[in-house]
Every structure is written in structure tokens, then in C-alpha cells.
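Asks: A single structure is presented below for examination.
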Amino acid sequence: LKCRQGLTDAVLGHARQRFALDKPDPTTGKSRLRVLYEILEQTRVVSQELQDLKSVPPEMVYLWDWYKALSDSRSAGFSVNAIAWSDIAAFFSLMKLSPTPWEVSTIRQIDQAFIASRADSTTGAVGNAAAMHNRMSSK
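The numbers in this note's numbering rise by one with no breaks, and the one at position 34 of the sequence shown is 25.
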């Protein structure tokens, strides 16, 4: 159990750091992570931020891949939605996988970290939800 908690903590550390760097800039729409990779591509210089990016523990790569596949198919509305339980169940059924409760819980925790990373620090609302609502309401 202690080992699992350590793995969960490690993958959550990676997720929080990556989500913070991957948050789109409101002005340019580009994420800091994308800019850092563009700089790396053009100059072959690895920034300190990329050097400091925690990696996913090798034992957790499969779970991170599951999360990414689920996240890529998340439903969208006025804001970023959590991955639905039904989507999780459908994913594992289609892939013919039987995750443990701990694996599902870890995926949910990663998703909560993603949702939190997209929240506006001043209001707690997920970014751009109010602006999108205002645009749609004015029509």
C-alpha cells in the first residue's frame, strides 16, 4: 500500500507540473510547454523548466497512457469536464482491460489535478467558461 501511494504521488507530481506548463496562454493560445519544445527544436537548448519536469515513473507509464487516452476523448461544454465514470467503464471494456480500484482512483486523481490546473485562480471557475457563456448568451 505504501509503495502504491508513492507511485500515485510520483505520477501526480508529474501530472501537476505538466498540466501547469501545458496550460494555454490566454493571449497566444500556446502553452509554455509548447514554447519550450519549440525553443528546444530550434536551438537544441534544453531549458531549466524542461530539465526540472518530473518524469512518469516507469511502473506508471501504462496508467499515464490510459489517462491520456481517456482525456483525449473527454466531453466538452462551457468548461472542462471531468472524465465521466461511463467513459472510464467504456474505455476499459473496449480495451478488454480490468483495472484495479487503485488504478481507477489514480486516474481520477490525475483528472482532478487537470481540472484544478484549468481553474481560474481568482474565481475558481474553469478558464474561459464565463467568456464562452457570454458570447453564446449575446446571440
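Just so you know, even glycine gets a beta-carbon here, dropped at the ideal spot from N, CA and C. Computed from a prediction, not measured in an experiment: that's the story for all the values here.
Please confirm if the stretch 38 to 56 is in contact with the stretch 7 to 21, defined as three or more CB-CB distances below 8 Å between the two stretches.
Replies: The stretch 38 to 56 vs the stretch 7 to 21: in contact.
Asks: Taking the beta carbon of Leu88 as the centre, do at least 16 other beta carbons fall within 10 Å, making it buried, or is it exposed?
Replies: Here residue 88 is taken as the residue at index 97 of the sequence shown, counted from 1. Leu88 should be labelled exposed.
Asks: Looking at the secondary structure, which residues open and close the alpha helix (DSSP H) in which Arg23 lies?
Replies: Reading the sequence shown from its first residue, position 32 is the one you call residue 23. Segment 23 to 34, the alpha helix (DSSP H) holding Arg23.
Asks: With 16 as the cutoff for other CB atoms within 10 Å, does Ser77 come out buried or exposed?
Replies: Working through the sequence shown from its first residue, we reach residue 77 at position 86. Exposed, since its Cβ has fewer than 16 Cβ neighbours within 10 Å.
Asks: Under a three-way DSSP split, which group does Pro15 fall into?
Replies: On the sequence shown, position 24 is the one that residue 15 refers to. If DSSP states are grouped into helix, strand and coil, Pro15 belongs with the strands.
Asks: Under 6 Å Cβ to Cβ from Ser129, same chain only, skipping five residues before and after it: list those, please.
Replies: The sequence position of residue 129 within the sequence shown is 138, counting from 1. Residue confidence for Ser129 is low, a pLDDT of 47 falling below 50, so the modelled location carries little weight and cannot support an answer.
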